[in-house]
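S.K.:
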Amino acid sequence: MGTYESATSRVSRMLTMVPWLLHRQGIDLARAAEELGVSEAQVVDDLQVLFLCGLPGHYPDDLIEASWEDGRVFVGNADTIARPLRLGRDEALALIVALRALAATPGLAEREAIDRTLAKLEAAAGEAGEAADQVRVDLEQPVDADLAARIRAGLTQRRRLHLRYTSASRDETTERDVDPLRVLSVDGRWYLEGWCHRAQDVRLFRLDRIGAADVLDEPATPPEELPERPVGAGVYRPDPQDQAVTLDLAPGSAWVAEQIPAEEVSAREDGSVRMVLRVADPAWLIRLVLREGGGVRVVEPATLVTAVREHATAALSHPAADAPAG
Amino acid sequence: MATRSTTGVSPAAAKTERLLNLVIALLHTRQPLSRARLRQAVPDYAQGSPEAFERMFERDKDELRALGIPLRTEPIDPFFDDEPGYRIDQREYALPEIDFAPDELAVLGLAARSWSQASLAGPAAQALRKLDAAGLVRDESSVAGIEPLLHTPDPAFEPVRDAVLSRTPISFDYRGGSADLATRAVQPWGLTSWHGRWYLTAHDLDRDAPRVFRLDRVVGTPQRQGRPGGYAVPQDHDAVAMIRRSTGEDPGEPRQVVRLRVRRDSAASLRSRGTVTPAAQEGWDEVELTATSLGRLAREVCAAGPQVQVLEPAELADLVADRLRAVLAAHGGAGD
Chain Y
658 MGTYESATSR VSRMLTMVPW LLHRQGIDLA RAAEELGVSE AQVVDDLQVL FLCGLPGHYP
718 DDLIEASWED GRVFVGNADT IARPLRLGRD EALALIVALR ALAATPGLAE REAIDRTLAK
778 LEAAAGEAGE AADQVRVDLE QPVDADLAAR IRAGLTQRRR LHLRYTSASR DETTERDVDP
838 LRVLSVDGRW YLEGWCHRAQ DVRLFRLDRI GAADVLDEPA TPPEELPERP VGAGVYRPDP
898 QDQAVTLDLA PGSAWVAEQI PAEEVSARED GSVRMVLRVA DPAWLIRLVL REGGGVRVVE
958 PATLVTAVRE HATAALSHPA ADAPAG
Chain G
27 MATRSTTGVS PAAAKTERLL NLVIALLHTR QPLSRARLRQ AVPDYAQGSP EAFERMFERD
87 KDELRALGIP LRTEPIDPFF DDEPGYRIDQ REYALPEIDF APDELAVLGL AARSWSQASL
147 AGPAAQALRK LDAAGLVRDE SSVAGIEPLL HTPDPAFEPV RDAVLSRTPI SFDYRGGSAD
207 LATRAVQPWG LTSWHGRWYL TAHDLDRDAP RVFRLDRVVG TPQRQGRPGG YAVPQDHDAV
267 AMIRRSTGED PGEPRQVVRL RVRRDSAASL RSRGTVTPAA QEGWDEVELT ATSLGRLARE
327 VCAAGPQVQV LEPAELADLV ADRLRAVLAA HGGAGD
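Protein chains in written order, with the working numbering: chain Y, 658 to 983; chain G, 27 to 362.
(1) Would you grab the beta carbon distance between G/Pro96 and G/Ile124 for me? Rounded to a whole angstrom, and I think it's under 8 Å.
(2) Quick one: what's got a C-beta closer than 6 Å to Y/Leu812's C-beta in the same chain, skipping five residues either side?
(3) Since G/Leu323 meets chain Y, which of its residues come closer than 9 Å, beta carbon to beta carbon?
(4) Would you check if the segment 740-752 of chain Y and the segment 116-131 of chain G touch, i.e. whether three or more CB-CB distances between them fall below 8 Å?
(5) Using alpha carbons as the reference points, say which of G/Ile269, G/Val169 and G/Gly252 lies closest to G/Asp129.
(6) Please classify Y/Leu934 as buried or exposed, where buried requires at least 16 neighbouring CB atoms within 10 angstroms.
(7) For G/Gly216, I'd like the list of residues in its chain whose CB is within less than 6 Å of its CB, leaving aside the five on either flank, ordered along the chain.
(8) With 16 as the cutoff for other CB atoms within 10 Å, does G/Pro149 come out buried or exposed?
(9) List the residues of chain G whose Cβ lies closer than 7 Å to the Cβ of Y/Gly711, in chain order.
(10) Pick helix, strand or coil for G/Leu286, following the three-state DSSP scheme.
(11) For Y/Val840, write down the residues that DSSP places opposite it in a beta bridge.
(12) Quick one: what does DSSP say G/Val35 is sitting in, helix, strand or coil?
(13) Chain G partners of Y/Met932, CB-CB under 9 Å?
(14) Check whether the Cβ of Y/Tyr822 sits closer than 7 Å to any heavy atom of the ligand SAH, and report yes or no.
(15) Going by DSSP in three states, G/Arg155 sits in which element: helix, strand or coil?
(16) Comparing the C-beta of Y/Pro879 with each C-beta of chain G, is any distance below 8 Å?
(17) Using 10 angstroms around the beta-carbon of G/Ala331, count the other beta-carbons present and answer buried if the total reaches 16, otherwise exposed.
(18) Please state if the CB of Y/Arg925 and the CB of G/Ala356 are separated by a distance shorter than 8 Å.
(19) Excluding the 5 residues flanking G/Asp165 on each side, which residues of the same chain have their C-beta closer than 6 Å to its C-beta?
(20) Which value, in whole angstroms, describes the spacing of the CA atoms of Y/Leu693 and G/Arg155?
(21) Taking DSSP's pairing of strands, which residues face G/Thr227 in a bridge?
(22) Assuming Y/Leu906 and Y/Met932 form a contact by the criterion Cβ under 8 Å, report the distance between their Cβ atoms to the nearest whole angstrom.
(23) Go ahead and label Y/Asp703 buried or exposed: buried means 16 or more other beta carbons lie within 10 angstroms of its beta carbon, across all protein chains shown.
(24) For G/Thr55, which residues in the same chain have their Cβ closer than 7 Å to its Cβ, ignoring the five residues on either side in sequence?
(25) Alpha carbon to alpha carbon, what distance is there between Y/Gln857 and Y/Ala890?
(26) Check each candidate in Y/Asp865, Y/Arg966, Y/Arg948 and Y/Thr963 and name the one with the smallest Cα separation from Y/Asp801.
(27) Residues of chain Y with a CB under 9 Å from the CB of G/Ser219: which are they?
(28) Please check the pair G/Ala18 and G/Ala151, which I expect to be a contact at CB under 8 Å, by giving their CB distance rounded to whole angstroms.
(29) If you draw a straight line from the C-alpha of G/Ala347 to the C-alpha of G/Val327, how long is it?
(30) Name the residue from G/Leu320, G/Leu207, G/Asp291 and G/Ala329 whose alpha carbon lies nearest to the alpha carbon of G/Asp311.
(31) Mind checking G/Gln333: buried by the 16 CB within 10 Å criterion, or exposed?
(32) Is the Cβ-Cβ distance between G/Val284 and G/Leu345 less than 8 Å?
(33) Just to confirm my understanding: we take Y/His975, look at its own chain, exclude 5 residues before and 5 after, and list those with CB closer than 6 Å. What are they?
(34) With Y/Gln900 as the anchor, note down where its beta strand (DSSP E) starts and where it stops.
(35) For a cutoff of 8 Å on Cβ pairs, would you count G/Gln152 as touching chain Y?
(36) Under a three-way DSSP split, which group does Y/Arg740 fall into?
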């Protein structure tokens with residue numbers, strides 16, 4: 658733990674640690690540290706404080722026993738604090754809100770197990786859980802329950818899926834064989850991450866763009882060595898080799914800078930934003946510019962400005978009535 | 027067993043030790059303990075002067091209560107309530123014994139791992155440790171391969187969360203739709219994550235009306251402007267409905283029939299929303315669908331550029347043409 662911990666929050670942590678250790682006598686120190694989310698040195702420090710504590714009188718028999726010889730942890734004579742403190746407000750909030758968000762996604766996780774867990778958790782939390790009603794996470798409904806259940810079946814049974822998928826950038830539908838790796842949600846949207854045999858690479862498929870999924874008889878055989886795909890920053894993967902594009906965003910379209918990783922973003926006083934980003938295939942960017950109705954303006958390269966102009970002109974030159982197309 | 031020595035203990039460690047001894051003493055006793063008894067029971071208290079003990083004990087009591095520990099003040103003798111005594115009731119203190127089934131523990135683990143930022147990931151992990159103190163077996167199969175990720179990246183998240191939970195009025199600088207910076211004063215009602223963004227729904231005190239705020243448009247740190255619990259949240263408060271209306275995604279608008287001409291092999295997402303029939307023109311299809319928001323549909327039609335034409339209604343055709351002209355003007359083309 659790199660941050661400073663006050664004595665009070667340390668007490669809270671240790672009151673949780675003692676019951677936890679009491680039920681895991683002889684646990685390996687390194688493993689205890691990892692599961693407790695602290696360093697080994699911190700666990701040792703905590704144990705050293707612990708055995709100065711005990712019942713009033715503080716005779717030898719009153720004191721808590723704590724040892725960590727040979728890297729195995731033992732705690733004893735701590736009956737008074739053998740039960741953890743009730744859940745606090747933020748603790749109850751964190752679990753209840755997350756569980757309710759999961760409960761609202763049909764087909765992906767066992768709804769019945771989540772409901773049971775929520776009921777028990779709300780009972781365990783008591784009053785501390787009431788405030789959880791004021792905070793809510795709305796995870797987008799991914800797909801119909803039947804489709805989600807098939808994707809889950811592919812995951813749990815480790816079988817290949819055949820997907821009909823509509824990509825966002827080109828708005829075209831393709832059929833692909835995919836070995837499912839995991840289902841995850843990022844920015845409120847659900848994605849299936851899988852090994853795509855057509856692309857011979859790991860791909861993220863937005864669940865609401867999967868038109869159909871069939872579970873095949875073949876087992877999933879993703880390659881052994883797969884690159885770890887951090888999704889903390891979202892789902893775009895820019896490449897320094899791609900072409901640099903400069904955009905001007907009006908205040909109403911400034912959200913684009915928030916959603917897409919860029920090389921440079923500079924916000925101006927009036928709320929407008931200039932951003933520079935790398936683009937491999939500009940098809941999705943042209944769609945974005947057309948969609949935003951002037952809110953996103955391509956500054957350079959000139960070839961892209963021309964492309965936008967040509968697309969917009971072509972779209973405008975169609976008559977809106979039932980006349981034969983040119 | 028290692029030797030027990032109190033030499034070289036830092037003040038912070040000494041305080042931790044003192045607070046733990048106080049908790050143990052208060053939990054262990056059946057009868058409320060007087061100040062005098064506590065002064066003897068906890069080694070640190072006996073060492074200083076009586077005044078130092080009084081001050082220290084008052085602070086310690088407050089800090090334990092702030093942790094959620096139910097530290098009771100009760101008269102020692104029910105007939106003479108001049109002398110206060112202190113204790114912690116074991117049943118009030120302890121987490122109820124709840125038996126979680128193996129798959130329920132796995133679900134809890136999943137929920138705890140969902141938070142990516144420390145402000146809720148820390149409390150979630152601690153909650154899981156408390157619930158699973160008994161170290162039961164987890165059955166992960168019901169949650170295998172599912173990884174929800176809940177972000178709270180906005181710096182304003184923690185202060186707003188605290189204000190929502192404690193019902194404390196706050197003020198903050200906010201960059202509204204027109205991008206002007208203004209100070210807003212509100213009574214927070216709800217905090218909601220929707221489509222990946224966090225929103226505060228609240229009663230706006232200056233406008234005397236409900237308003238929706240995006241947390242990523244809050245500038246700086248929100249400040250408390252009153253005491254907690256000073257107002258009530260309306261019973262029928264529906265945060266998601268409020269947010270939908272404010273972002274223009276209102277499902278309440280009447281549905282309209284829309285007809286489009288779509289080039290073959292294009293605009294797959296528009297096709298999938300309606301019925302498709304071949305058009306009279308070679309290489310084109312007609313798509314008929316219903317839409318609740320022409321504004322949103324206009325954006326999608328524009329995105330498809332020359333691949334999609336609007337046949338009806340005229341209102342939609344005008345919206346699309348206006349947007350496209352604006353794009354043209356922004357890129358050096360003739361406005362029309």
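Here a beta-carbon is modelled for each residue, glycine too, at the ideal position from N, C-alpha and C. It should be emphasised that the depicted structure is a prediction, and the values quoted were computed from it without experimental measurement.
M.R.: In short, the structure shows the following:
(1) Taking the first residue of the second sequence as 1, we reach residue 96 of chain G at position 70. Taking the first residue of the second sequence as 1, we reach residue 124 of chain G at position 98. About 19 Å separates the beta carbons of G/Pro96 and G/Ile124, which is beyond the 8 Å limit, so they are not a contact pair.
(2) The residue you call residue 812 of chain Y lines up with position 155 of the first sequence. Excluding residues within five positions, the ones whose Cβ falls inside 6 Å are Pro837.
(3) The sequence position of residue 323 of chain G within the second sequence is 297, counting from 1. Near G/Leu323 there are no residues of chain Y at all, since even the closest Cβ is about 11 Å away, more than 9 Å.
(4) Yes: at least three Cβ pairs fall under 8 Å.
(5) As a first step, residue 129 of chain G must be located in the second sequence, where it is residue number 103. The shortest C-alpha separation from G/Asp129 is found at G/Val169.
(6) One-based indexing of the first sequence puts residue 934 of chain Y at position 277. The residue in question, Y/Leu934, is buried, as its Cβ has 16 or more Cβ neighbours within 10 Å.
(7) Position 190 of the second sequence, counted from the first residue, corresponds to residue 216 of chain G. Here the set comprises Thr227 and Ala265.
(8) Indexing the second sequence from 1 puts residue 149 of chain G at position 123. Answer is buried; the Cβ neighbour count reaches 16.
(9) Indexing the first sequence from 1 puts residue 711 of chain Y at position 54. Contact of Y/Gly711 with chain G by beta-carbon distance below 7 Å involves Ile50.
(10) Locating residue 286 of chain G in the second sequence gives position 260, counting from the first residue. G/Leu286 sits in a strand when the DSSP states are folded into three classes.
(11) Translated into the one-based positions of the first sequence, residue 840 of chain Y becomes position 183. Y/Leu849 and G/Ile172.
(12) Numbered from 1 along the second sequence, position 9 holds the residue referred to as residue 35 of chain G. Looking at G/Val35 - three-state DSSP - the assignment turns out to be coil, as it is neither helix nor strand.
(13) Here residue 932 of chain Y is taken as the residue at index 275 of the first sequence, counted from 1. Within chain G, not a single residue places a beta-carbon under 9 Å from that of Y/Met932; the smallest gap is close to 15 Å.
(14) With respect to the ligand SAH, the structure shown offers nothing to examine, as it has no ligands at all.
(15) Working through the second sequence from its first residue, we reach residue 155 of chain G at position 129. Here G/Arg155 sits in helix by DSSP.
(16) By 1-based counting over the first sequence, the position of residue 879 of chain Y is 222. Interface annotation, Y/Pro879: not in contact with chain G, CB-CB separation never under 8 Å.
(17) Looking up residue 331 of chain G in the second sequence gives position 305. The sequence shown places Gly at residue 331 of chain G, not Ala. Only buried fits G/Gly331, as 16 or more other CB atoms lie within 10 angstroms of its CB.
(18) One-based indexing of the second sequence puts residue 356 of chain G at position 330. One-based indexing of the first sequence puts residue 925 of chain Y at position 268. No, Cβ-Cβ distance for G/Ala356 and Y/Arg925 is not below 8 Å.
(19) Here residue 165 of chain G is taken as the residue at index 139 of the second sequence, counted from 1. Scanning its chain for C-beta atoms nearer than 6 Å, with the 5 sequence neighbours on each side dropped, one finds around G/Asp165 the residues Pro128, Asp129 and Ala132, in chain order.
(20) Residue numbering aside, residue 693 of chain Y sits at position 36 when the first sequence is read from its first letter. Residue numbering aside, residue 155 of chain G sits at position 129 when the second sequence is read from its first letter. Answer to the nearest angstrom: the Cα atoms are 8 Å apart.
(21) Here residue 227 of chain G is taken as the residue at index 201 of the second sequence, counted from 1. Paired residue(s): G/Gly216 and G/Val238.
(22) Position 249 of the first sequence, counted from the start, is the residue given in the question as residue 906 of chain Y. Position 275 of the first sequence, counted from the start, is the residue given in the question as residue 932 of chain Y. Between Y/Met932 and Y/Leu906 the Cβ distance is about 7 Å, and since that is below 8 Å, they are a contact.
(23) Your numbering for residue 703 of chain Y matches position 46 in the first sequence. Its Cβ being crowded by 16 or more others within 10 Å, Y/Asp703 is buried.
(24) Mapped onto the second sequence, residue 55 of chain G falls at position 29. Within the same chain, and ignoring the five residues on either side of G/Thr55 in sequence, the residues whose Cβ sits closer than 7 Å to its Cβ are Arg113.
(25) Position 233 of the first sequence, counting from 1, holds the residue named residue 890 of chain Y. Position 200 of the first sequence, counting from 1, holds the residue named residue 857 of chain Y. Confidence at Y/Ala890 is low in this model, with a pLDDT of 45, below 50, so the placement of that residue is unreliable and no value is reported for it.
(26) Position 144 of the first sequence holds residue 801 of chain Y. Checked all of Y/Asp865, Y/Arg966, Y/Arg948 and Y/Thr963; the closest Cα to Y/Asp801 is Y/Asp865.
(27) For the purposes of this step, residue 219 of chain G is taken as the residue at position 193 of the second sequence. Neighbours of G/Ser219 in chain Y, taken as residues at a C-beta separation under 9 Å, are given in chain order as Val754, Ala758, Val792, Arg793, Val794, Asp795, Leu796 and Gly845.
(28) The structure shown does not extend to residue 18 of chain G, since chain G is modelled only from 27 to 362, so the question has no answer here.
(29) Taking the first residue of the second sequence as position 1, residue 347 of chain G is located at position 321. Taking the first residue of the second sequence as position 1, residue 327 of chain G is located at position 301. Across the structure, G/Ala347 and G/Val327 are spaced so that their CA atoms are roughly 10 Å apart.
(30) On the second sequence, residue 311 of chain G is found 285 positions in, with the first residue counted as 1. Ranked by how close their Cα comes to the Cα of G/Asp311, the residues G/Leu320, G/Leu207, G/Asp291 and G/Ala329 have G/Asp291 in first place.
(31) Locating residue 333 of chain G in the second sequence gives position 307, where the first residue counts as 1. In the assembly as shown, G/Gln333 is a buried residue. Its beta-carbon has 16 or more other beta-carbons within 10 Å.
(32) Along the second sequence, one-based indexing puts residue 284 of chain G at 258. Along the second sequence, one-based indexing puts residue 345 of chain G at 319. Their beta carbons are not under 8 Å apart, which means G/Val284 does not touch G/Leu345 by this criterion.
(33) By one-based count along the first sequence, residue 975 of chain Y stands at place 318. Cβ neighbours of Y/His975 beyond the five flanking positions: none.
(34) Numbered from 1 along the first sequence, position 243 holds the residue referred to as residue 900 of chain Y. Run containing Y/Gln900: Gln900 to Leu906, per the beta strand (DSSP E) assignment.
(35) Counted from its first residue, the second sequence places residue 152 of chain G at position 126. Yes, G/Gln152 lies at the interface with chain Y (some Cβ there is under 8 Å from its Cβ).
(36) Locating residue 740 of chain Y in the first sequence gives position 83, counting from the first residue. Three-state DSSP puts Y/Arg740 in coil, outside helix and strand.
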